[in-house]
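Colleague: In this note's numbering, the protein residues as written are 7 to 79.
(1) Taking residue 10 and residue 42 to be in contact with their CB atoms under 8 Å, please state how far apart those CB atoms are, rounded to whole angstroms.
(2) Do the CB positions of residue 13 and residue 46 come within less than 8 Å of each other?
(3) Taking the runs of the beta strand (DSSP E) that are 3 residues or longer, which of them lie wholly in the segment 15-70?
(4) Taking 8 Å as the threshold (C-beta atoms), are residue 23 and residue 57 in contact?
(5) Measure the C-alpha to C-alpha separation of residue 30 and residue 37 and round it to an integer number of angstroms.
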């Protein structure tokens, strides 16, 4: 969201927070604001998924499992 909109999500991809810079609120820019929000949410979800994969790989390594093993959760 170009830093004007920030979204935070859990490792499961659940949106937990949304911050919007007040400078972007102009009635004619509704579509721009919506696009920024959507981009921020997608970014947060991608980061959460990546972090989840990293943590699962650490756990698998600690158990002596291959890092690329697909776990059922």
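Positions of the beta carbon are idealized from the N, C-alpha and C atoms, including for glycine.
Modeller: Taking the definition as stated:
(1) Here residue 10 is taken as the residue at index 4 of the chain shown, counted from 1. Here residue 42 is taken as the residue at index 36 of the chain shown, counted from 1. At roughly 6 Å, the Cβ-Cβ gap stays under 8 Å, so residue 10 and residue 42 are in contact.
(2) In the chain shown, residue 13 corresponds to position 7, counting from 1. In the chain shown, residue 46 corresponds to position 40, counting from 1. A contact, by the Cβ cut-off of 8 Å.
(3) Runs of the beta strand (DSSP E) inside the segment 15-70: 21-26.
(4) Counting from 1 along the chain shown, the entry for residue 57 is found at position 51. Counting from 1 along the chain shown, the entry for residue 23 is found at position 17. Contact flag unset, no.
(5) Within the chain shown, the letter at position 24 stands for residue 30. Within the chain shown, the letter at position 31 stands for residue 37. Rounded to whole angstroms, residue 30 to residue 37 spans 11 Å at the Cα level.
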